[in-house]
Structure formats: structure tokens, C-alpha cells
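To start, the structure under review is shown below, and the notes come after it.
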Ligand code: PLP
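Numbering (UniProt numbering), first residue to last: 4 to 283.
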């Protein structure tokens, strides 16, 4: 595993940041997780565009480190050559004496890490539980402050599940603790609109693009807990989980505990035709 910290490439175990880094003290940073398939990043352009948007949303000057990040990415990609894995990028507001106000003369700290991952082809089957969405009102920002997300994930694990499906009210399912949620209703794919209540996942966007090109009907609209429980299929999407089938919600089986036909089709298309325009 390799990490670039502010342009310096090191084995990850040796990479360090100062204790006064703002992400450590306040969760004051933004990040991205990018999947590498045989050394090639998936949807790098889209991930970097989202990183830039997240930075702008928290008033962090990404422009001043953009070139350095590009150079770090190139160095990391060389180390990753040909491997499957993930790249983690974090841009923090920098190092400064602890004070809630933004520091005046601090440049962002930039971390870029490569970790290998096993290549996998089989569709994942996930058990889920529903939990209240206790996050703030800007879930579209990929910020490093993730306490509500990790608490929800941990509660899901303690209930014997793999992922938490979050809701603002019984009428409003949002997304997973680290994923987006789709349901299938009579052949139509339905997912939450891309607004402040969810992170607009790159995998989510890819699935919608796939649906469009395969002429699968889809809707971006809010749906209820009842609709979720009555859905024909429920799908989890994220960079690391790719397209996974939900087989249980709150201990009730979905699709008889198997991946449904549309889930399998989307997964097959995803694995088989990782379209070149999404590669950089
Ligand atoms: N929603 C949340 C809250 C996430 O943390 C993630 C990924 O980590 C996603 C959705 C999926 O986004 P992506 O497909 O870009 O990985």
C-alpha cells in the first residue's frame, strides 16, 4: 500500500499528518474513493469533478492543490500498475492551531492512497436494516465528517446486517450508510433524486446511464419504507460494493433471498462493459 502526502510518496504505514490537521480536529475535509480495475481508475473524471464540487461547497480552495493532486495520482497509479484496488483521496483544510474559524495562511493537506483489493466477479448479496437518517442537510457533499454514517453501519452490523438503509421519515428513504439504494417496481428502476439528502454516487450515475442506454425505465423520486418493503428487487450501489443485491430488509427476505433479474442484468452489464468513456 502506498500513500502520497503533500506530494511525498511513502509506504502507507510510514505516511503521517500533523496532529493539528483540520480533518483530524474537525472532520474539516473532503474525500473520494475510486476503484481501480486492472490498474485503470473507473470514472476518475467524475470523481475529481465531485471532489472539486465538495471542496467548493465547504469553501476549501481545491484549485491551489489541483496540480499537486494530479501529480500524486500519477505517482500512485504507477505503483498500482495493473492491479485491482482502490484509491483514497483526502483534501483537508490544512494544519493550524485549533480554532473553529478557518485559518488564514494555511494550504490544504492532500493525501492520496492506493490499497490493493481482490478482483471479484460474483454479485454480492446483502442483508440490510432500516435506520433513521441522522445526518445533516448537505449529504451531497462528500465530507470526511462521517460519524452518523459509521454509527449506522455499526448498528447494522450489530443487527447481523451488512448495510443500513436510512430514512428521514417513513415516507422518505434516502440512501445507504455508504451506498445508494435503488428499488425495482414492475420493471421500473427507482432511486432518490440527486439533491441535498443523498450523495450523488458515481455508481448511481453509471447505473442510470446504463438504464438509459438499455432502455430500462427509471425514475428519480422519493419512495417510502412501505414501497421499499414491497419492491420486487432492491439494489445497493457504491464504488466498492459495485451493484449488489439486497436479500433481506429488517429480517424480511427480498426476492426469496436471491439477486433479482434486473439486478443481475445490471451487474452483468457493469462487469462486462465497463464502458471506455468512463475510464480516464
Ligand atoms: N452514499 C454514501 C453516503 C456514500 O458514502 C457512498 C460511497 O461511499 C455512496 C452513496 C456511493 O457513492 P459512489 O458510487 O460514488 O461510491
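Built from N, CA and C at the ideal position, the CB exists for glycine as well.
I'd like the ranges of any beta strand (DSSP E) spanning at least 3 consecutive residues and lying wholly in the region 173 to 202.
175 to 179, 183 to 188 and 191 to 194
Residue 39 beta carbon near the ligand PLP (any heavy atom closer than 7 Å)
no
In terms of DSSP beta bridges, what is residue 130 paired with?
Residue pairing for residue 130: DSSP places it in a beta bridge opposite 251.
Check whether the Cβ of residue 109 sits closer than 7 Å to any heavy atom of the ligand PLP, and report yes or no.
no
Completely contained beta strand (DSSP E) runs for the region 88 to 165, where each covers 3 or more residues
88 to 95, 112 to 119 and 128 to 135
Quick check on the burial criterion: 16 or more other C-beta atoms within 10 angstroms. Buried or exposed for residue 223?
Under this definition residue 223 is an exposed residue.
Exposed or buried, which one is residue 67 when buried takes at least 16 other CB atoms within 10 Å?
exposed
Enclosing alpha helix (DSSP H) for residue 266 [first to last residue]
264 to 275
Own chain residues within Cβ distance below 7 Å of residue 162, not counting five before or after
132
Residue 193 versus residue 128: straight-line alpha-carbon distance, rounded:
19 Å
Touch test, the region 52 to 60 against the region 138 to 151, Cβ-Cβ under 8 Å, three pairs minimum:
yes
Between residue 204 and the ligand PLP, is there a pair consisting of the residue's CB and a ligand heavy atom that are separated by less than 7 Å?
yes
Considering only DSSP beta bridges, list what residue 260 is partnered with.
BP columns for residue 260 are empty, so no partner.
Could you tell me the distance, in whole angstroms, from the CA atom of residue 176 to the CA atom of residue 245?
Between residue 176 and residue 245, the C-alpha separation is close to 20 Å.
Which value, in whole angstroms, describes the spacing of the CA atoms of residue 77 and residue 97?
22 Å
Does the separation of the CB atoms of residue 85 and residue 187 fall below 8 Å?
Going by beta carbons, residue 85 and residue 187 fall outside the 8 Å limit.
Pick helix, strand or coil for residue 34, following the three-state DSSP scheme.
strand
Sort 183, 210 and 12 by Cα distance to residue 198 and report the nearest one.
183
Does residue 78 come out as helix, strand or coil in the three-state DSSP assignment?
helix
Span of the alpha helix (DSSP H) holding residue 205?
205 to 216
From residue 60 to residue 16, what distance separates their C-alpha atoms?
Computed Cα separation, rounded: 31 Å.
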